[in-house]
Amino acid sequence: MRLTSLGHDWGRRIGYKPFMAQSLFRRPLLPLLALPLLFAPAPLPAQAGGGPYVVAESGRAFGRLQDAVDAIGEGGGTIRIAPGYHRDCAVQTEGRIAFVAVEPGRAIFDGVACEDKAALVLRGDGAKVDGIVFQNIRVPDGNGAGIRLEKSNLDIVNSLFRNSEEGILTGDDEGAALTIDRSTFSRLGRCDRGLSCAHSVYTGVYGRVTVTRSRFEKGSGGHYLKTRGVQVDISDNSFDDTQGKATNYAIDLPSGSTGRIANNLIIQGRDKENHSALIAVAAEERKNPSRGLSITGNRASVPAELSGKTVFVADWSGEALAIGPNELGAGLTKFEKR
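Residue numbers (mature numbering (1 follows the signal peptide of the UniProt record, and there is no 0)): -48 to -1, 1 to 290.
Right under this line is the structure:
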């Protein structure tokens, strides 16, 4: 049964090419979440008279996030999360829950993972995450994430994922949708210790994956956005790799995909594990159709001194992609079949 998304209810210059530096001023790179993070005082350790987690519908307060989640049960509800550093986590197994920061950018889940997976492990009937910070999540298998989405729809807005092995990792749910808007992913990813790589965002086979008005930066390994989504909308984002370390593709569609990649800013850095492409289509398999995938209106650059060829779009699908006008800096090859 297809589930209904909750989301509809509730300058400085960088020394590459002149056109790219000017582009940075034409479109803001930081989502709205950055404003409270920059100017609000640092939150104290989480504490509140009745507990930092309040179920809005009942007014009940809880000291543990899991208790608030369990109180909602198979129904639906909103958990309002107080400002502070929360060394806590929760697993949602049923119901529809919105996890909402009382003050966006000041409710911080720090360093604790449930089930050796993530701060939030979601396998209920749907969820929304609004205004929350996830940081310092690490687990034995190297996939420590802010959110592990195992099934159902998830909407994420105005949130920050940083300094962890992974920002978001999902399972497969071809009948569901993941939506990310106005969020930031910073210092995420890894490819070390003989373990499978982790990425800033890595989704399994979801029916639709939408990522808009978000920022990816300072990757520490893997890809910035890797998705096996059947259909994607990746638009109006920035991928700033200038401070990345041992990173790979900006956008990886390893199983192929339809939809669009539009109006993104992609700046490749110097410290690359793989500099061969910015966008990769069907590099691992051809499970999803890719015919008609629209790639248009994007701006991209690579460092002038980078050795070896870099391709804007590398395609393994063998299908006809719809590559429209894109603003590419010197040294970038527009397209290559592989």
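For every residue, glycine included, the Cβ atom is placed at its ideal position computed from N, Cα and C.
Nearest-angstrom Cα distance between residue i and residue j?
| i | j | result |
| --- | --- | --- |
| Y201 | L230 | 5 Å |
| I120 | K286 | 30 Å |
| S253 | G3 | 48 Å |
| G211 | L140 | 26 Å |
| A274 | G208 | 14 Å |
| A129 | L245 | 18 Å |
| L(-19) | Q220 | Per-residue confidence for L(-19) stands at a pLDDT of 43, beneath the threshold of 50, marking its modelled position as unreliable; no derived number is given. |
| R114 | G281 | 29 Å |
| S166 | H175 | 15 Å |
| A272 | R251 | 21 Å |
| E117 | I89 | 7 Å |
| T136 | V161 | 16 Å |
| A(-1) | Q87 | Note on A(-1): pLDDT 45, under 50, position unreliable in the model; the coordinate value appears next. If I take the Cα positions, the gap works out to 21 Å. |
| G47 | I203 | 32 Å |
| G36 | G83 | 13 Å |
| K289 | I247 | 15 Å |
| R142 | K224 | 12 Å |
| N110 | P56 | 7 Å |
| L101 | R75 | 6 Å |
| S10 | L177 | 38 Å |
| F14 | I60 | 17 Å |
| A53 | T30 | 10 Å |
| G276 | V81 | 34 Å |
| Q(-27) | D192 | Legend: pLDDT at Q(-27) = 38, less than 50; position of this residue unreliable, value from coordinates given subsequently. Taking the straight line joining both Cα atoms gives about 15 Å. |
Identify which residue in the options has its Cα closest to the Cα of residue i.
| i | options | result |
| --- | --- | --- |
| A42 | V52, G36 and Q18 | Q18 |
| L72 | E117, A266, Q44 and V54 | Q44 |
| residue 291 | G270, G63 and D82 | No answer is possible for residue 291: it lies beyond the span of the chain, which begins at -48 and ends at 290. |
| G260 | E237, N226 and R238 | N226 |
| Y158 | H175, T179, G146 and G174 | T179 |
| G249 | I89, S135, S187 and A59 | S187 |
| N240 | F86, L205, I247 and L177 | L205 |
| R32 | G15, E26, I24 and A8 | A8 |
| residue 371 | P56, G181, A232 and A198 | For residue 371 there is no data in the structure shown, the boundaries of the chain being -48 and 290. |
| A256 | L284, A266, E236 and G276 | L284 |
| R222 | F191, L258 and S228 | L258 |
| T155 | Q195, L217 and S104 | S104 |
| V153 | D40, T262 and G173 | G173 |
| G94 | G276, A65 and K80 | A65 |
| A150 | I132, Q195, V184 and A97 | A97 |
| S190 | V54, E237, V184 and A214 | A214 |
| G25 | G15, I49, S228 and G11 | I49 |
| A266 | T194, V233 and A20 | V233 |
| N278 | I218, T262 and E237 | I218 |
| W268 | G276, S242 and T262 | S242 |
| A70 | R39, G11 and A59 | R39 |
| R16 | Q195, A34 and D107 | A34 |
| G270 | T262, A235, G276 and T194 | A235 |
| R134 | D144, G127 and F168 | F168 |
| R238 | L106, V81 and G181 | G181 |
| F51 | A79, Q183 and G196 | A79 |
| I132 | T164, T122 and E126 | T164 |
| R58 | V85, V263, N216 and G27 | V85 |
Since residue i sits in a beta bridge, which residues does DSSP pair it with?
| i | result |
| --- | --- |
| L258 | Per DSSP, none; premise fails for L258. |
| K224 | T199 |
| D133 | V109 and T164 |
| K80 | A50 and D107 |
| T194 | Answer by DSSP bridge pairing: none, since T194 is not bridged. |
| Y158 | D125 |
| E118 | A97 |
| V73 | V43 and R100 |
| G211 | V184 |
| F86 | F61 and F113 |
| R139 | Partner(s): none; R139 has no beta bridge. |
| L217 | S190 and R251 |
| E279 | R251 |
(request) Quick one: which unbroken beta strand (DSSP E) runs of 3-plus residues sit fully inside the region 27 to 67? Chain order, please. (result) The qualifying runs are 28 to 33, 36 to 38, 42 to 44, 48 to 53 and 59 to 62.
(message) List, from N- to C-terminal side, the beta strand (DSSP E) runs of 3 residues or more that fit wholly inside the region 230 to 255.
(response) 246 to 248 and 251 to 253
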